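Chains as they are written, first to last, in our numbering: chain A, 29 to 325; chain B, 10 to 669; chain C, 141 to 476; chain D, 396 to 692; chain E, 746 to 893.
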């Protein structure tokens, strides 16, 4: 399996652990990721509020480069995913848009390839049976709250991925990795990322709700597929705790990190040490669970 | 040689003031085939009509053309005059030189020329007419009503009262439909069962009504006046002729945990059961899928305890065939399956999110909680209750684009009941608009608001369970802020959709449904009770969401329509309908799909060809159904179809006459 | 032999058409080769072999007015139509088509019936035939009694001799005409050329006699099936001459009667007023056409109604090949 | 393409021998090298005459109409284009599916006998492909009981409506002059009608004398009405087999009108390809959408 | 069946044929009459039960015969007395008009309108407009069955 890989801007910076774990998982799964050469920003969060054509042209250039290679595009970031899907749909739906975009990016782009969420690639495309069989160090007993956030599944007409209200892809992935996915109501609620810099008060409130409900549901870690969600839930957790006078202590992890962990990669090599909230309880819990299981037979 | 008589009317000065009628008549005399031509002051008057009669006698005319006013008004008059003169009334053509000439032109010369053209065209047309006869079809004086809810019962009773026999077919084991499930009816708040069950009893007892419950219509053949209907009486396993309805079997049946659809899933029943105590017929049937005797050949308790020996485990489905003259469709509605669409409300995983119909059972004294509003999860009385309107209605993404019409009122009723029955209750209604068009409806809604019900204009975006509370998040669009309610019970006003299987039955009977699956009325304004299939009428929610008074009114209306059909022994059909030239017809069947009345079918004929007898299929017009639109004729490539009175030859003759 | 130089052809044509005569020569018009009126500057298609459309329409047009009528509710009046009497020269007609005109002459001018419209046209028509040196792959005139180089019945005979056209008058009318173009004539060195080889050859001797007894033969069952029932063969045939009579109203009371080509291959052709059709299927219609060509006409007029022009062989979209038919007939053994 | 004649003969022989069919319609070699006219056989020993060479261009399906009442079962060879005609005839209920045994032959294009003659060629390789095959969209049969040979790929071609667009670009008077030059040639031999699989009525409207919709007089006006009526009756039924234009002895570009209608039907009423799906019925003019374009106001 | 090609150019008045369905457009024409709404006298109406009855054959025949324009009028979509006839008519004439255009006949010579029984004014306005349009196009010679 070979995909064009669009890391987007966070995977080299704030989301470095997402990048590290993604590459580790891809290696184990035998998925070849061809990083789009000289990829550019997808324009998320800013472009579509400024200029529609610009918001389509930015992702289109990346997609067109992949199309030339005849490859579908795997996108780790939910925001990038949403913008790319929007572009793909707009181009497929209108000859006029196709022509304009092709002219702007000075490349033919016909949207003949598909944009896929990395989560989709590593689960549905790779096959959960394979994932389960490669999980040599299962995450025995770990209770996780799968947090999809908003952009991966919404709006459904754009995202075309899983159920917008109660998605299951990550839940099933956790199951395949040996962990438990708790049932909780905030799977697809927004973390507030759209106001990340302008109205942090709103972000703090929204992210707090997410963390609170995950905690209430009994989760020991929140699993996400979005670098923006990660930013708000992980980096701002201390601030949230302080503002609300509570202790949360909920590690936030990318699904790829848990996959890599279950595949036997060393936690440090896949970025477990790059988080604001301490992730060692997760590693410890998993090891405990495994040992308990080994003793039991 | 054909001999046409032309009569040009002055209409006093209405025509003559602008058109030189004398000249028109003189010119007409020179047209091919015209043997006599005259102008007259008032052709529609008695002397005018006598003129036709006299001219026919004196000049041996065999065809008549009248040039006067619009045929939409006086064509029948002059047809009759033609007939009175001894000529077949269809050897007649009329042209309009008043509305289409004298009243819209002032130039006498040009108007007269136009009138001459029009008369020439009419003469050309009439030369190609042939005598036509009306035919008549017999009427079976019996009606079929499909569906025994309030609409069906009302229709059956009214037809029966009119003196005609009615067969009422109901799919469920009892008639009554949804109305007996309801607690109170808006806006009067009278007890639903109290007004519905007497209606069920009268239906049952009416000497002209035969009821088949637990039955379905399987096949309908024929056409208006002459339908042949096959009804499948599903096996009941209880001989209702012997059964006294004592109910002993029900108390002894060991399988007691079957969800009762009459309770909307809020209560249980046994395998041998009556849906509810006042069911009609008031005798039980066995639910074969859940009966231990029928599924595993164990038990058999009901047969043992039955004092009359009415239990028949070997009962079979039975097919009954009847002839009827008219059909009333009253198949009602179901509720929109919200659990499949509304993930934000939990896809049905929270037990305390219920539908309005379930709420009806909760407040109903004969319901599973004896009328106490207790929430399903823990049986506690809810204090904070949220009602959400338009769940599935007015939502073309997840549900239906249309408004379900009744929800505003029943939600108001429910809210009122909740406030009324629960002390210290806090009742919130989320709404998009409040629509209360109906007698006494707005007043009722205002009263509910005054009762203290809190109306919030906005949609609910999410419901989730936290502890024993349902967290309801929404928006108050009037205040422009987010709202969160910690509720004990949420009631959804779900949309009305056509009842399950209604599309199939429409197909069996042979008429169309609209884009939402409701039955398509023949005209949205003027023929709301008719279908395009003659003799098939609509009553109640099968045609679109409706409340009880509208449903009852439609039931009576459909009954009047059906009774009109049944009031005669036979029905005359207009001869101006399509005809088929068998020799030319290739049987391609394009016309069959074009006919809105299903008046065309392919039938087998035998013919001699090349010294052999061959059988082949050709189009065949049902004169009882064809309305003479001619759409099939224009679609027929070979010209095998033609429309009597507007034949290809006639129209082309008119076209030719215009220019020659 | 006398001849004219090819480079003088245009001047010759100009002279011939100069006297007000309609000069019809083979030309290609909108992709169709046919005989059309030559005018100064027009390009001829003399070398293109047989034209797609035969010259018969010059004598027997596809539509021809027979008479006008005027009526009223009381009476009807007939005004006969006078046929055009324009002098016409058909130049470049091939020997097979000249024979075809002889066949038409038989039909319209002999056996106690003289068609005035045809007669008038024929009398004013002069034929300048062009001999064929290279038969087309579909030509077979020699198989049905024709000579590709010699057109009996033409007024003047032409042969392509390379640089010149050799010519020879065959009738007095022809001789008179040659005088008009005397100044272009010179002594040609060439002599009457030899004909090239035919790729289609069949022995048609005795075909009429044989077919006379084959009305019910199973051969028809084999042959009719692939026929499409269209009228291509009849309309492009130089000898087919069936027509229908129809009226056209030009006003309420007046109009005219005309005759127009019809085809015996059409279902409606033999349909009778009462609805009966004595030739109900393609089998009967095809049989009639072949019998008419190869048997009935021979019996009545002493010649086949096929001159081997090959147009039907060339144009029939289903490859109906009359030479193949003749061959098959000759192979049938009639044991009785 | 390998020569399928052997397989054809074998199959035809078997079908006739075991009585599965009463007759076979195929092609045979004609007198001249460029002729492969239709062949009808009923006896197994005649099957050796069957060929499928470059000139097997004729569609055979309209011949089924001749025997529509006979109750005979016919084994028929169909190319891609022919098969669409067969679907059309079946959709118009003129023959029963059970009355034909359909032997499909993928076809990479045929040659036109008239072109062979006019090009002066002396063997097949010198003859260009037939005009109608140049625009073939369905080289493989869309309906068959058995197929002989490998599927062929449709020739990637330019704009199917290029000729139509060229005419559309003319002014009204230019258009009329163009069609006048074409329709003036028409002999009204009716070959285009007789060969057309969409013209499958028992009695054609043109053959009915009361009322006579078309005078027998041959003039431009009547010829135009003939062609417009024929095309309109075939509207939504024309399967683009091109037989009408091939059989026309006068070279009238009949398909240019048929294609215009196909183009407009697709434009006005949505994508539609006649004779491709057997269960797709009725043709576009036998149905409607309430949302059809509204150009009447 | 055919036309004498002798219309004197200066006296030329457009000759227009209208097919009106009985239930809507013919009634609309009646209403225009009832309201005495003046119209040019160039249109002659043939009454048909439904616009779905109108066969393109009639239209071609009319142009052969020598009309200068044809109007086909029916009920508004959804209002057809026979429920669906005008939907079929709409398809038929949408297509037919484009064929006409392709052949070189100005589409303005074949016009289609939805006119209800209540739209007397619209009927009159349509007649005026169509007459004007066709007057501007001049006499039609295309498709005419002409003879000497």
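The C-beta atom is built at its ideal place from N, Cα and C for all residues, glycine as well.
Keep in mind the model is a prediction, meaning the values are calculated, not measured.
{"Item": "Counting only C-beta atoms, is residue 147(C) closer than 9 Å to chain B at any point?", "Value": "no"}
{"Item": "Between residue 228(B) and chain D, is the shortest Cβ-Cβ distance under 9 Å, so that the two count as touching?", "Value": "no"}
{"Item": "Enumerated in chain order, which unbroken segments of the alpha helix (DSSP H) with a length of 4 residues or greater are wholly contained in the region 456 to 529 of chain B?", "Value": "511 to 518"}
{"Item": "Determine the DSSP secondary structure at residue 12(A), reduced to helix, strand or coil.", "Value": "The displayed coordinates of chain A run from 29 to 325. Any statement about residue 12(A) would go beyond what the structure contains."}
{"Item": "Are the C-beta of residue 598(D) and some C-beta of chain B separated by less than 9 Å?", "Value": "yes"}
{"Item": "Could you check if residue 82(A) is buried or exposed, using at least 16 other CB atoms within 10 Å of its CB as the buried criterion?", "Value": "exposed"}
{"Item": "Within its chain, find whatever has a CB closer than 7 Å to the CB of residue 427(B); leave out the 5 residues flanking it on each side and keep chain order.", "Value": "382, 394, 434 and 436"}
{"Item": "By the DSSP assignment, the alpha helix (DSSP H) with residue 160(A) in it spans what residues?", "Value": "156 to 162"}
{"Item": "Tell me the DSSP secondary structure of residue 161(C) in three-state form.", "Value": "coil"}
{"Item": "When you check each C-beta in the region 480 to 492 of chain D against every C-beta of chain F, which residues fall closer than 9 Å?", "Value": "Protein chains in the displayed structure are A, B, C, D and E, and chain F is not among them."}
{"Item": "My output table needs one value for residue 396(D): the three-state DSSP class, helix, strand or coil.", "Value": "Legend: pLDDT at residue 396(D) = 49, less than 50; position of this residue unreliable, value from coordinates given subsequently. Reduced to three states, the DSSP call for residue 396(D) is coil."}
{"Item": "Please name the residue in 68(B), 16(B) and 61(B) whose C-alpha comes closest to that of residue 10(B).", "Value": "68(B)"}
{"Item": "Taking C-beta to C-beta, are residue 661(B) and residue 660(D) nearer than 9 Å?", "Value": "no"}
{"Item": "What residues from the region 378 to 394 of chain C come within 7 Å of chain B, judged by C-beta to C-beta, listed N to C?", "Value": "389, 391, 392 and 393"}
{"Item": "Are there 16 or more other CB atoms within 10 angstroms of the CB of residue 674(D), so buried, or fewer, so exposed?", "Value": "exposed"}
{"Item": "Could you spell out the range, first to last residue, of the alpha helix (DSSP H) harbouring residue 498(D)?", "Value": "Not the alpha helix (DSSP H): residue 498(D) falls in the beta strand (DSSP E), residues 495 to 499."}
{"Item": "Could you check if residue 624(B) is buried or exposed, using at least 16 other CB atoms within 10 Å of its CB as the buried criterion?", "Value": "exposed"}
{"Item": "Closer than 9 Å, CB to CB, is residue 191(A) near chain B or not?", "Value": "yes"}
{"Item": "For residue 99(B), does the three-state DSSP call read helix, strand or coil?", "Value": "coil"}
{"Item": "Could you check which residue in 250(B), 193(B), 330(B) and 169(B) has the C-alpha nearest to that of residue 214(B)?", "Value": "169(B)"}
{"Item": "Express the C-alpha separation of residue 645(D) and residue 578(D) in angstroms, rounding to a whole number.", "Value": "9 Å"}
{"Item": "Taking Cβ-Cβ distances below 9 Å as the criterion, which residues of the region 603 to 624 of chain D are in contact with chain C?", "Value": "603, 604, 607, 610, 611, 612, 613 and 614"}
{"Item": "Mind the definition here: the region 184 to 191 of chain B touches the region 250 to 266 of chain B only if three or more C-beta pairs lie below 8 Å; say whether that holds.", "Value": "no"}
{"Item": "Compute the Euclidean distance between the alpha carbons of residue 443(D) and residue 412(D), then round it to the nearest angstrom.", "Value": "14 Å"}
{"Item": "Thinking C-alpha only, which one of 431(B), 195(B), 465(B) and 516(B) is nearest residue 414(B)?", "Value": "195(B)"}
{"Item": "Nearest CA to the CA of residue 283(C): which residue from 174(C), 298(C) and 347(C)?", "Value": "347(C)"}
{"Item": "Rounded to whole angstroms, what is the Cα-Cα separation between residue 344(C) and residue 298(C)?", "Value": "28 Å"}
{"Item": "For the ligand PLP, any of its heavy atoms closer than 8 Å to the Cβ of residue 218(A)?", "Value": "As for the ligand PLP, it is missing from this structure, which has no ligand bound."}
{"Item": "Buried or exposed, going by whether 16 or more other CB atoms sit within 10 Å of the CB of residue 334(C)?", "Value": "exposed"}
{"Item": "Please name the residue or residues paired with residue 278(B) in a DSSP beta bridge.", "Value": "267(B)"}
{"Item": "Distance cutoff 9 Å, beta carbons only. Does residue 646(B) sit that close to anything in chain D?", "Value": "yes"}
{"Item": "In whole angstroms, what is the alpha-carbon distance linking residue 176(C) and residue 244(C)?", "Value": "20 Å"}
{"Item": "Check distances from the C-beta atoms of the region 445 to 479 of chain D to those of chain B and list, in chain order, the residues that come in under 7 Å.", "Value": "464"}
{"Item": "Is it true that the region 160 to 168 of chain A meets the region 300 to 318 of chain A, where meeting means three or more beta-carbon pairs spaced less than 8 Å apart?", "Value": "yes"}
{"Item": "Nearest-angstrom Cα distance between residue 276(C) and residue 416(C)?", "Value": "42 Å"}
{"Item": "Secondary structure at residue 753(E), three-state DSSP: helix, strand or coil?", "Value": "Reliability of the predicted coordinates at residue 753(E) is poor, the pLDDT of 48 falling under 50, and no value is obtained from them."}
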